[in-house]
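In the working numbering, the protein residues as written are 1240 to 1536. Backbone N, C-alpha and C fix where the C-beta goes; we use that ideal spot for every residue, glycine too. The model shown is predicted, which means the values in this text are computed figures rather than measured ones. Structure first, commentary second.
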Amino acid sequence: MVGRITNIQRFSVHDGPGIRTVVFLKGCTLRCRWCCNPEAMLQESVLMFQPELCIRCGACVSACAMGASGTLEQITLDRTRCTGCGACEEVCYAGAKYKKDIYISAEALWKEIEKDKIFYKRTKGGVTFSGGEALLQADFLTELLRLCKEGGVQTAVETCGNVPWESFEQILPWMDLFLFDIKHTDSAKHREYTGAGCEKIMENCRRLCSRGKSVIVRVPVIPEFNFHRVELESIIRFAKEVGAREVDFLPYHRYAANKYRYLDMEYWNPGVQRLDKSLVEECLVGIDTKLEIRIDG
Ligand code: SF4
Ligand code: SF4
């Protein structure tokens, strides 16, 4: 079975316990304004153009049958003409034009994951499937998870939760840990900033916990959206009520801003600055959590 991914990131220490290999699957059901993986959010194949790497060799201009690469004097990417054929990527040795779109079989991907087994063993780590939304490719993901479990590798899936319950049901036998995003408990606010309400997401989280699965609730803490004591407390209360094992808060950063530029996409709000970890700590002071809380970043 073949799936679509954007990237394999090795030696991650932020996406579950120990050292992990993180695989980013393509496509998502939400459109979070602050998304730090816009290339994975999109279903379609898109070309990225990183002008600062361009050495103006002109190879892409000759390679492009659509005239979408500009001229020798001015190398560009005209998205109204580009068909996404990838001819420019093939000749661009500077790596300035590239697609984040890898078609790979479950078996070939498992061979990549397996290479880091020694590190998982020493650190109690494993593999994390992220995205995008990994569960959008539920059959591919199930096959991968089965290979990982049979190969003795601990499994985690990071999910936005906005998929049918049946997709979760399908992968449950192969799962060790869920990193489950809860972004807001007010559905209207959730819809305004992500494009969908949060009822199904919260219900899926509740059901996973009730099935005895290990769930860490992850909360991107975003100024103007959920960075309020009342809302963060509400998320903690929900996590405790459903039986999540921990809540991780991830303060907003702007590392993704350049990716939007390479994709000619608008980044949501240039005025919003990164959130310092200490401000999130301050916001949580005095909240009676009775639950393990972590603040990353
Ligand atoms: S992907 Fe194809 S059509 Fe698009 S700019 Fe490159 S060569 Fe031209
Ligand atoms: S092939 Fe790459 S390095 Fe050469 S002009 Fe095109 S974008 Fe620039």
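- In terms of side-chain proximity, the C-beta atom of Ala1298 is found no nearer than 6 Å to any non-hydrogen atom of ligand 1.
- About 11 Å separates the beta carbons of Gly1371 and Cys1271, which is beyond the 8 Å limit, so they are not a contact pair.
- Sorted by chain position, residues whose beta-carbon lies closer than 6 Å to a non-hydrogen atom of ligand 1 are Leu1286, Ala1302, Cys1303, Met1305, Ala1307, Ser1308, Leu1316, Cys1321, Thr1322, Gly1323, Cys1324, Gly1325, Ala1326, Cys1327.
- For Ile1244, same chain residues with a beta-carbon under 8 Å away, outside a window of 5 residues either side, are Val1262, Phe1263, Leu1264, Lys1265, Ile1341, Ile1343, Leu1348 in chain order.
- At a threshold of 6 Å, Ile1410 does not count as near ligand 2, since its beta carbon sits no closer than that to any of the ligand's heavy atoms.
- In the DSSP assignment, Ser1251 falls outside any alpha helix (DSSP H) and lies within the beta strand (DSSP E) extending over 1241-1251.
- Between the beta-carbon of Val1252 and that of Cys1299 there is about 37 Å, and that puts the pair past the 8 Å contact cut.
- By the Cβ-count criterion, Ser1406 is buried, with 16 or more other Cβ atoms from all chains shown falling within 10 Å of its own Cβ.
- The DSSP-derived three-state label of Pro1277 is helix.
- If you look at Lys1336, you'll find it in the beta strand (DSSP E) that goes 1336-1338.
- For His1467, the closest C-alpha among the options Glu1505, Val1519, His1492, Trp1413 is that of Val1519.
- Judged by DSSP secondary structure, Phe1358 falls outside any beta strand (DSSP E) and instead within the alpha helix (DSSP H) spanning 1356-1362.
- Less than 7 Å divides the Cβ of Ala1373 from the Cβ of Val1396.
- Within 6 Å of the C-beta of Cys1331 there is at least one heavy atom belonging to ligand 2.
- In the DSSP secondary-structure assignment, Tyr1491 is not bridged to any residue.
- Arg1500 and Asn1276 have their C-alpha atoms some 12 Å from each other.
- Non-local beta-carbon contacts of Glu1521 in its own chain, meaning distances under 6 Å to residues more than five positions away in sequence, are absent.
- Three or more beta-carbon pairs separated by less than 8 Å link the segment 1438-1458 to the segment 1485-1494, which places the two stretches in contact.
- According to the DSSP secondary-structure assignment, Gln1393 is paired through a beta bridge with Gly1365.
- An exposed status is given to Phe1250, since fewer than 16 other beta-carbon atoms sit within 10 Å of its beta-carbon.
- Looking at the DSSP output, Asp1420 sits in a beta bridge with Arg1457.
- Annotated as distal: Arg1385 and Trp1404, with beta-carbon spacing of 7 Å or more.
- In terms of Cβ geometry, Thr1398 and Phe1379 do not form a close pair [threshold 7 Å].
- No Cβ-Cβ contact shorter than 7 Å links Tyr1506 with Ile1461.
- Burial of Gly1365 is indicated by the presence of at least 16 other C-beta atoms within 10 angstroms of its C-beta.
- Between ligand 2 and Arg1500, a heavy atom-to-CB distance of less than 6 Å is absent.
- Nearest in C-alpha terms to Ala1279, of all of Phe1368, Ala1307, Glu1480, Thr1322, is Phe1368.
- The beta-bridge partner set that DSSP reports for Glu1485 consists of Ile1455, Glu1531.
- Per DSSP, the continuous alpha helix (DSSP H) segment holding Leu1447 begins and ends at 1438-1449.
- With 16 or more other Cβ atoms from the protein chains shown falling within 10 Å of its own Cβ, Gly1400 counts as buried.
- Per DSSP, the beta-bridge partners of Ile1314 are Gly1309.
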